[in-house]
Structure formats: C-alpha cells, structure tokens
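Every position in the sequence shown, counted from 1, becomes a number in my numbering once 7 is added. Backbone N, C-alpha and C define an ideal beta-carbon position, used for all residues, glycine too. Read the structure below first, then the notes.
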Amino acid sequence: MEEIKFIIEICEEFVSNWLLLEIKHSSKLIGKDKLLLTNVNENYIQYLSKYAKVTPLSILELKELHNKIIILDPLAEKTLIPDEASRYILVVGGILGDNPPQGRTYKYITSKLPNCISRNLGKKQFSIDGAIYVAKLISEGKKLEDIPIVENVTIKVDEFHEIILPYAYPLVNNKLLIYEELVNYLKYYIEEDEELILKGKIPSLRY
C-alpha cells in the first residue's frame, strides 16, 4: 500500500458538490492511496472512500502525524520548497475559498497546531485541487516560481452569463488545470444547489 502524501482536512459544515469535485480531482491527480481525508462527518465516510482514505478524526487529533506534516497555509511566513515537500505529508484545508480570503486554514488548523510546520504556496489563494497539484510538483523538485499560474479564471456559461473564479490555477502545457466536471457543475447545477442552501437544505451529492 502506498503511503499517504496529502491530507485534506474537511473544514466545511457539509460536503457540497463543489467540494466533492475538488476532492475527486485531487484523487485523480495524486492517486487514491496517497490521499487521506480527515475530519469527515460519518454521513460521508462511505461515499468519500471512493476517492481517498477517510477518517472521522481531525488532523488535530492525529498526534502521531504532527511531526510528519506541513500545513499549506497562505498566511505562513515561508514558502514550500522541494526538499521539505518531498519529506513531509502535506496538509490542505478542505475549504472553499472566500473572496477576499478569510484566513480559515490558519483559524481552523495552523493556529491549533503551533508546533507543526506551515508553509505557503505564495500569497495567492488556490483551489484545493490546484494547491495539491502545485505542492505535488514542488515535492517532485520544481520551485514554486517555475510553475505557471493564472488568476481570476472566467467560465462562460452562455452568451449572456459568465462565472469568475477569484482563485489561482496552475497551467499544464499552457492549459488551465481545472476539472471538467467542475466546469460542467458551475454551468448547469450550482444555482440549483445555492437555492437549496439558502432554504437551509443540504444539496444531494451528484458525483
């Protein structure tokens, strides 16, 4: 069995379809056996086990890992470098980013693990899967400054509507690394889910 290389600590109140798709894409990018999801509500454990190893325990509780992890936090003072990335398990906050950023990785994870190492991926706010891909490249020897990145991605819904994603995304062979299933979801289903959330209902998972 391959050893865990990345951890996503679920920090949202429920797993939305958007969060699910970023998890699913992360799993495709690095492999199911290298990804651990922590702090998972029992209602989602079986469902998410399709995409990763899963535990209801928070990374805060997994003390045996605390000397083996680096928390990827935009508020960290130092930037992740290849030597560190290759030797540690990398922890990403399972958070759908706010605009402007609210520092929730620091609030929910870093501030509660003061003895753990934290590093940034620059000062830009990445999607979860984007952060994992960039950190994977760094763990394989690339420097952050050598990884091409674009911000404020526009998704055209139709002739009259577009969605602007105020996050950073890596480029792979000059193409945007964004999950096609997410683009499809944002075009056709997100409004329906947002209406349910406004009514206090949790949308069913589609993927």
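Query: Rounded separation between S93 and K70 - CA only; Result: 21 angstroms
Query: Beta-carbon proximity check, A175 vs I156, cutoff 8 angstroms; Result: yes
Query: For K194 and V164, the rounded distance between their alpha carbons; Result: 5 angstroms
Query: Spatial neighbours of I15 in its chain, beta-carbon cut-off 6 angstroms, leaving aside the 5 residues before and after; Result: L44, V99, G101
Query: Boundaries of the beta strand (DSSP E) in which V157 is found, first to last residue; Result: 156-163
Query: According to DSSP, residues forming a beta bridge with L44; Result: I15, V61
Query: Own chain partners of D80 with C-beta closer than 8 angstroms, once the 5 adjacent residues on each side are dropped; Result: G100, T112, Y113, I116, T117, S125, R126, N127
Query: Integer-rounded CB distance, given that A59 should sit under 8 angstroms from Y39; Result: The sequence given here places Lys at residue 39; Tyr does not occur at that position. Contact holds; Cβ gap of about 6 angstroms.
Query: Residue span of the alpha helix (DSSP H) that contains G101, given as start and end; Result: It is not in any alpha helix (DSSP H) - G101 instead sits in the beta strand (DSSP E) that spans 96-101.
Query: Y95 to I66 span [Cα, whole Å]; Result: 14 angstroms
Query: Proximity test, Cβ basis, 8 angstroms: L28 and chain C; Result: This model lacks chain C altogether; it includes just one protein chain.
Query: Cβ neighbour criterion (16 or more within 10 Å) applied to D153; Result: exposed
Query: Candidates V22, K31, K41: closest to I143 by CA position; Result: Reading off the sequence, residue 143 comes out as Lys, not Ile. Among V22, K31, K41, the Cα nearest to that of K143 is on K41.
Query: Residue from F13, E20, I11, K12 with nearest C-alpha to I204; Result: E20
Query: Simplified DSSP assignment, three categories, for K31; Result: helix
Query: Nearest-angstrom Cα separation, counted from K206 out to R213; Result: 19 angstroms
Query: Test item: CB-CB of I77 and L87 under 8 angstroms; Result: yes
Query: Nonlocal neighbours in the same chain, by C-beta distance under 8 angstroms from K141, ignoring five residues either side; Result: Residue identity differs from the one stated: residue 141 is Val in this sequence, not Lys. Here the set comprises L128, F133, L151, I154, I156, P177.
Query: Pick from S33, I52, F13 that is closest to L97, judged by C-alpha positions; Result: F13
Query: Length of the line joining the Cα atoms of E91 and N50; Result: 35 angstroms
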